[in-house]
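Here the UniProt record's numbering is used: position 216 in the sequence shown is 216, and no number is missing along the way.
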Amino acid sequence: MELDLKGKRALVTGGTRGIGRAVTLGLASAGATVVAVHREDTAAAESLRRELAELGGSVVRADVTVASEVARVAETCKAQLGGLDVLVNNAGVHGHAPLAELDPAGWTRLIDTDLTSMFLVTQACVPLLAEGASVVNVGASVAFRGMAGAAHYTAAKAGVIGLTRSLCKEFGGIRVNTIAPGVIDTGDELPPPVAERVKRMTALGRLGTPEEVAGAVLFLASDLSAYVTGALLAVDGGM
Ligand code: NDP
């Protein structure tokens with residue numbers, strides 16, 4: 001009974017910052033070979049590229065909302081890894097806008113990034129996913145409760161739960177689960193009154209860390225969770 005990912009081949013979208021970075025480094029340090037996807041050429045992407053190169057992994061620049069770029073990511077995984085045992089659909093953007101101020105383009109951009117990308121990436125990777133592989137989709141626990149000013153975000157994240165539950169039935173031997181983080185401290189400063197309110201709403205009385213989310217993703221990626229599929233695991237400190 002140990003968390004061992006030696007020999008596993010993994011793809012993490014949005015792997016260069018925040019939760020995705022912690023997941024990428026967590027998978028790699030547990031022995032997996034990881035391809036991490038990002039969209040912008042940033043210092044974070046460059047530093048991860050160097051760290052992963054030492055561990056045998058790599059970083060690919062692609063927009064996961066664009067089918068042709070997603071196809072290129074799948075080709076890279078096939079060429080570099082030969083297949084996939086773990087897929088973590090993590091790339092996403094946060095959005096805040098009251099409905100009255102939300103234009104159709106803003107709605108579509110958020111749904112495309114946080115939900116449609118999971119359809120595109122998962123579909124492109126199906127031929128690569130080995131029997132017994134694990135897909136982890138990153139949702140958000142706010143999707144259970146709703147939040148004023150985040151109808152597009154919570155709609156996308158609620159969609160992730162439906163996508164996960166349907167695909168676990170469609171895929172059979174490939175497990176598919178949702179992880180639902182609460183409010184995680186990824187370095188983006190929350191206004192102090194908002195941070196205080198979040199702490200009051202949370203049983204553990206604090207924000208989570210990217211590593212605490214990564215721990216749950218590693219559990220779902222590993223054989224320790226071999227009988228878990230279609231599940232929804234909140235990592236929100238008891239919000
Ligand atoms: P960050 O903003 O810190 O990082 C997002 C990552 O996704 C970056 O690597 C970014 O790449 C990548 N990304 C965004 N859009 C695209 C795209 N179109 N194509 C490719 N890559 C893209 O996010 P978090 O770590 O905060 O969040 C990660 C996931 O967790 C998201 O799905 C988010 O909704 C979810 N979540 C986060 C919570 C939190 O409190 N942080 C709470 C609940 C859920 P680049 O740097 O190149 O832009």
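The C-beta atom is built at its ideal place from N, Cα and C for all residues, glycine as well.
Residue-chain proximity (residue i, chain D), Cβ-Cβ < 8 Å
i, result
"R145", "Of the chains in the structure shown, none is chain D; there is only one protein chain."
Residues that residue i bridges to, as DSSP identifies them
i, result
"V35", "L11, S58"
"S134", "V86, R175"
"residue 242", "Nothing about residue 242 can be reported from this structure: the residues present for the chain run from 1 to 239 only."
"L129", "L84"
"G208", "I184"
Presumed contact (8 Å Cβ cut-off) between residue i and residue j, rounded CB distance
i, j, result
"G208", "G182", "6 Å"
"N89", "T122", "7 Å"
"I19", "I184", "6 Å"
"A28", "V70", "Incorrect: roughly 22 Å between the Cβ atoms, too far for contact."
"G26", "L218", "5 Å"
"A231", "N177", "5 Å"
"T76", "L48", "Contact flag wrong, Cβ pair sits at about 15 Å."
Classification of residue i by the beta-carbon crowding that lies within 10 angstroms, buried from 16 upward
i, result
"S166", "exposed"
"A143", "buried"
"R206", "exposed"
"T42", "exposed"
"R200", "exposed"
"D236", "buried"
"V160", "buried"
"residue 240", "Since the first residue shown for the chain is 1 and the last is 239, residue 240 is missing from the structure and cannot be characterised."
"G57", "buried"
"S134", "buried"
"K8", "buried"
"P210", "buried"
"L190", "exposed"
"R50", "exposed"
"V105", "According to the sequence shown, residue 105 is Ala rather than Val. Result: exposed."
"A150", "buried"
"T108", "exposed"
"A226", "exposed"
"R197", "exposed"
"M239", "buried"
"S68", "exposed"
"A79", "exposed"
C-beta contact flag for residue i and residue j at 8 Å
i, j, result
"V64", "S117", "yes"
"A140", "A203", "no"
"V34", "V66", "no"
"V23", "A45", "no"
"G119", "L87", "The sequence shown places Phe at residue 119, rather than the Gly named in the question. No; because the gap between Cβ atoms is not below 8 Å, this pair is not in contact."
"M52", "G31", "In the sequence as displayed, the identity of residue 52 is Leu instead of Met. No, they are not a contact pair."
"G95", "H152", "yes"
"A148", "D114", "no"
"A10", "L84", "yes"
"L220", "V136", "yes"
"R21", "R39", "no"
"L55", "L224", "no"
"residue 240", "L233", "Since the first residue of the chain shown is 1 and the last is 239, residue 240 is not available in this structure."
Residue i CB to nearest heavy atom of the ligand FAD below 7 Å
i, result
"V59", "Annotation note on the ligand FAD: not contained in the displayed structure, which lists the ligand NDP as its ligands."
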